[in-house]
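Student: Just passing along the structure, written as structure tokens.
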Amino acid sequence: MKLSTRIALSVTVVVPVLVVAAGLLLLGLVNRDLRHQQDTRLRERATAVLPDVRTLLNAERNSRPKAEQNQHRKVLGDALDAGVRVVAADGTLVLTGGPQPAEPPTTTTPGGPVTVRGKGHTWRVLTVQVEGASPGTLWLFSPTSASDPQISAVRRRMLLVALLAAPVSGLLAYALADRATASLRRLSRRAAELDPRAGAAGFTAERSRITEVDELTSSIGQLLARYEEQAGWTAQALDTARSFSSAASHELRTPLMSMRTNLDVLSAHPDLSGTERAEVVQDLQDDHARLLELLTALRMLAQGDLVEVSAFGPLDLVELVDSAVAETGRRHPEVAVATELPAELRIFGWDAGLRILLANLLGNAVAHGHLPGEPARISVRLRAEGGSAVLTVDDAGPGIPPPDREVVFRRFHRGADSQGSGLGLTLVAQQVALHRGTVTAATPAGGTGSRFEVLLPLLVADTRAPRLPVRRDWISRSG
Numbered sequence: 163m164k165l166s167t168r169i170a171l172s173v174t175v176v177v178p179v180l181v182v183a184a185g186l187l188l189l190g191l192v193n194r195d196l197r198h199q200q201d202t203r204l205r206e207r208a209t210a211v212l213p214d215v216r217t218l219l220n221a222e223r224n225s226r227p228k229a230e231q232n233q234h235r236k237v238l239g240d241a242l243d244a245g246v247r248v249v250a251a252d253g254t255l256v257l258t259g260g261p262q263p264a265e266p267p268t269t270t271t272p273g274g275p276v277t278v279r280g281k282g283h284t285w286r287v288l289t290v291q292v293e294g295a296s297p298g299t300l301w302l303f304s305p306t307s308a309s310d311p312q313i314s315a316v317r318r319r320m321l322l323v324a325l326l327a328a329p330v331s332g333l334l335a336y337a338l339a340d341r342a343t344a345s346l347r348r349l350s351r352r353a354a355e356l357d358p359r360a361g362a363a364g365f366t367a368e369r370s371r372i373t374e375v376d377e378l379t380s381s382i383g384q385l386l387a388r389y390e391e392q393a394g395w396t397a398q399a400l401d402t403a404r405s406f407s408s409a410a411s412h413e414l415r416t417p418l419m420s421m422r423t424n425l426d427v428l429s430a431h432p433d434l435s436g437t438e439r440a441e442v443v444q445d446l447q448d449d450h451a452r453l454l455e456l457l458t459a460l461r462m463l464a465q466g467d468l469v470e471v472s473a474f475g476p477l478d479l480v481e482l483v484d485s486a487v488a489e490t491g492r493r494h495p496e497v498a499v500a501t502e503l504p505a506e507l508r509i510f511g512w513d514a515g516l517r518i519l520l521a522n523l524l525g526n527a528v529a530h531g532h533l534p535g536e537p538a539r540i541s542v543r544l545r546a547e548g549g550s551a552v553l554t555v556d557d558a559g560p561g562i563p564p565p566d567r568e569v570v571f572r573r574f575h576r577g578a579d580s581q582g583s584g585l586g587l588t589l590v591a592q593q594v595a596l597h598r599g600t601v602t603a604a605t606p607a608g609g610t611g612s613r614f615e616v617l618l619p620l621l622v623a624d625t626r627a628p629r630l631p632v633r634r635d636w637i638s639r640s641g
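So in the numbering used here, the last one in the sequence shown is 641, and the numbering has no gaps at all.
What follows is the structure, given as structure tokens:
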């Protein structure tokens, strides 16, 4: 059912109910006013006939029949349309006339008019005690049916207005509601005609000057934008999964084939010497370690491509660097690591991602930061400079030739003598990009070895959750 039809039906029902309710209130007010007028007339009649009633009671007491008859007529004439009953103090009925109940009134308490019912009729009765030498009681009666025609007229008009209000209000409400919902119908047609491939750009907001419709239009636009964003992330996640599978199958082929060859050698030549068998087993262990390292690096790379901004928060970079240096010392006790760290440097970052960054920076220095026959010597320094946290990792290795200082961050780039996965520095570059920083490869001040310098924005008081880079395809990009 259309909204305009619902509104029209609701108004058609509600308006007559309101009219009837208002009419009932009006009837009550009219009835009260009429009763008040009737009571006022009764009091006026009582004031007018009271002197004659005293005279009548005196005549009755003194047995003056002629005077009594004259007063009878005068009292009845003064009462006009009101019923009159006069009773002496001893209970003798002195006078009765005009419209009144068949049964004599039972109330003798003076006061304001009261309602008396009898044989289907209703009366307003005013009781007045007559004081003086000849006391008695005066009753004045006024039938309430005198006001019934006015009440009936009001009731008929009320019903007529209610009957007319139902169709008229329904038609007016339908016309107004149909016009008011026209903008909603236009919005519905626009939404139905949307091209799913156009996304939020295909839905232009048109001002209708109706607050609710404009808010709904804005909400639809925001919904489409969020849907488009989520669809993009879904597509990226699928692309990442496909790339992960492709890269894993390509990179794992060589170590798996090598392992298969070594296993064939072991199974085909059970008579191998102990030295030869140990060499084959060592090759298997190396291939296994390479497989594990490669799978771990690919998983971390995919995790960085799919991370959400909700994973980021305020962190103490000094604590993370100190923890990573300590872990390197435990894993490689022969490596000499010198550190220079401030008391605290806070950034807005992803804890797991920064740990990946530091582990790979230090792991790269351990693997390549030494000369043949010498243990690695690493220097780690962290400082604040110009609104950024500057982290430098120096080693004493052979260094990186200037032409290779950019390509070392590419996926699966390996040096001539490298046994790694080729993803360590790629993970570093990915995490730096996620944190809106920069990373460069250079030569330390001494002129030998390698230096990796990472700049990350410091946390400031009004830092909000950053927007992640639009392009996050480190696992799927070709170069």
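Note that beta-carbon positions come from the ideal geometry of N, C-alpha and C, so glycine has one too.
Small disclaimer: the values here were computed from a predicted structure and weren't measured.
Write down the C-beta distance between Arg543 and Thr554 rounded to the nearest angstrom, noting that I regard them as a contact closer than 8 Å.
Tutor: Correct: roughly 5 Å between the Cβ atoms.
Student: Considering His283, what are the terminal residues of the beta strand (DSSP E) in which it resides?
Tutor: Residues His283 to Val292.
Student: Using the rule of at least 16 other Cβ atoms within 10 Å of the residue's Cβ for burial, across every protein chain shown, is Asp644 buried or exposed?
Tutor: This structure cannot speak to residue 644, because the chain is shown only from 163 to 641.
Student: Taking buried to mean at least 16 other C-beta atoms within 10 Å of its own C-beta, is Arg203 buried or exposed?
Tutor: Looking at its Cβ environment, which holds 16 or more other Cβ atoms inside 10 Å, Arg203 is buried.
Student: Assign Thr217 to one of two classes, buried (16 or more other C-beta atoms within 10 Å of its C-beta) or exposed (fewer than that).
Tutor: The residue in question, Thr217, is buried, as its Cβ has 16 or more Cβ neighbours within 10 Å.
Student: Taking CB distances under 7 Å as the criterion, tell me whether Glu547 reaches chain C.
Tutor: Considering every chain present, this structure includes no chain C. It has just one protein chain.
Student: In three-state terms, what does DSSP make of Phe571?
Tutor: Residue state, collapsed to three classes: helix.
Student: So, Leu596 versus Gly515, is the Cβ gap smaller than 7 Å?
Tutor: Yes. Within cutoff.
Student: Buried or exposed: Asn526, going by 16 or more other Cβ atoms within 10 Å of its Cβ?
Tutor: So Asn526 counts as buried.
Student: Looking only at its own chain, which residues have a Cβ that is under 7 Å from the Cβ of Pro297, when we skip the five neighbours before and after it?
Tutor: Contacts found: Ala251.
Student: Mind checking which residues open and close the beta strand (DSSP E) that includes Ala603?
Tutor: From DSSP, the beta strand (DSSP E) with Ala603 extends over Thr600 to Ala604.
Student: If I'm right that Gly621 touches Pro476 with Cβ under 8 Å, what's the distance once you round it to whole angstroms?
Tutor: Correcting the residue identity first, residue 621 is Leu in this sequence and not Gly. Indeed, because the Cβ distance is near 6 Å, the residues count as touching under 8 Å.
Student: I'd like to confirm something about Ala464: is its beta-carbon nearer than 6 Å to some heavy atom of the ligand SAH, or not?
Tutor: This structure simply doesn't include the ligand SAH, nor any ligand for that matter.
Student: Do you know offhand how far Ala498's Cα is from Pro537's?
Tutor: Looking at the two C-alpha atoms, the distance is approximately 8 Å.
Student: Look at the alpha carbon of Ala221 and the alpha carbon of Leu212, and state the distance between them as a whole number of angstroms.
Tutor: When rounded, the distance between both Cα atoms is 14 Å.
Student: Taking the CB atoms as reference points, tell me whether Ala464 and Trp512 lie closer together than 7 Å.
Tutor: No, the Cβ-Cβ distance between Ala464 and Trp512 is not below 7 Å.
Student: On the three-state DSSP scale, how would you describe Gly259?
Tutor: Strand, per DSSP.
Student: Quick check on Leu564: does DSSP put it in helix, strand or coil?
Tutor: Checking the sequence, you will find Pro at residue 564 rather than Leu. The answer is helix: DSSP assigns Pro564 an H, G or I state.
Student: Arg508 to Ser166, Cα distance in whole Å?
Tutor: For Arg508 and Ser166, the distance between alpha carbons rounds to 59 Å.
Student: Can you give the Cα-Cα distance for Trp285 and Arg279, rounded to whole angstroms?
Tutor: C-alpha separation (whole angstroms): 6 Å.
Student: Would you mind sorting Thr209 into buried or exposed? The rule is 16 or more other CB atoms within 10 Å of its CB.
Tutor: With fewer than 16 Cβ atoms within 10 Å of its Cβ, Thr209 is classed as exposed.
Student: Can you tell me the Cα-Cα spacing of His532 and Arg388, whole angstroms?
Tutor: Answer to the nearest angstrom: the Cα atoms are 50 Å apart.
Student: Count Cβ pairs between the region 566 to 573 and the region 445 to 454 that sit closer than 8 Å; are there 3 or more?
Tutor: The region 566 to 573 vs the region 445 to 454: no contact.
Student: Identify the continuous beta strand (DSSP E) that holds Val499 and give its terminal residues.
Tutor: Counting along the chain, the beta strand (DSSP E) containing Val499 begins and ends at Ala498 to Glu502.
Student: Using 7 Å as the threshold, is the C-beta distance between Gly559 and Gly491 below it?
Tutor: Contact flag unset, no.
Student: In or out: Asp195 buried (at least 16 other Cβ within 10 Å) or exposed?
Tutor: When all chains shown are included, Asp195 counts as exposed.
Student: With DSSP as the reference, label Leu620 as helix, strand or coil.
Tutor: In the structure shown, Leu620 sits in a strand (DSSP, three-state: E or B).
Student: Jot down the residue ranges of each uninterrupted alpha helix (DSSP H) in the region 474 to 526, minimum 4 residues, whole runs only, in chain order.
Tutor: The region 474 to 526 contains these whole alpha helix (DSSP H) runs: 479 to 493.
Student: Does DSSP classify Ala315 as helix, strand or coil?
Tutor: Helix at Ala315.
Student: Cβ atoms of Leu454 and Ala551: under 7 Å apart, would you say?
Tutor: Not closer than 7 Å, so no.
Student: Using CA coordinates, which residue listed in Pro534, Val182, Val616 and Ile169 is at the minimum distance from Ala339?
Tutor: When each option's Cα is compared against that of Ala339, the closest is Ile169.
Student: Find out if the Cβ-Cβ distance for the pair Pro606, Asp556 is shorter than 7 Å.
Tutor: Yes; because the gap between Cβ atoms is below 7 Å, this pair is in contact.
Student: Which one of Leu171, Leu378 and Val182 has the shortest CA to CA distance from Leu325?
Tutor: The shortest C-alpha separation from Leu325 is found at Val182.
Student: For Asp201, which residues from the same chain have a beta carbon less than 8 Å from its beta carbon, with the 5 sequence-adjacent residues on both sides left out?
Tutor: Excluding sequence neighbours, Asp201 sits near Gly274, Pro275, Arg286 and Leu288.
Student: For Gly298, which three-state DSSP category applies?
Tutor: Three-state DSSP puts Gly298 in a strand.
Student: Quick check: what's the CA-CA separation for Ser331 versus Val179?
Tutor: Between Ser331 and Val179, the C-alpha separation is close to 12 Å.
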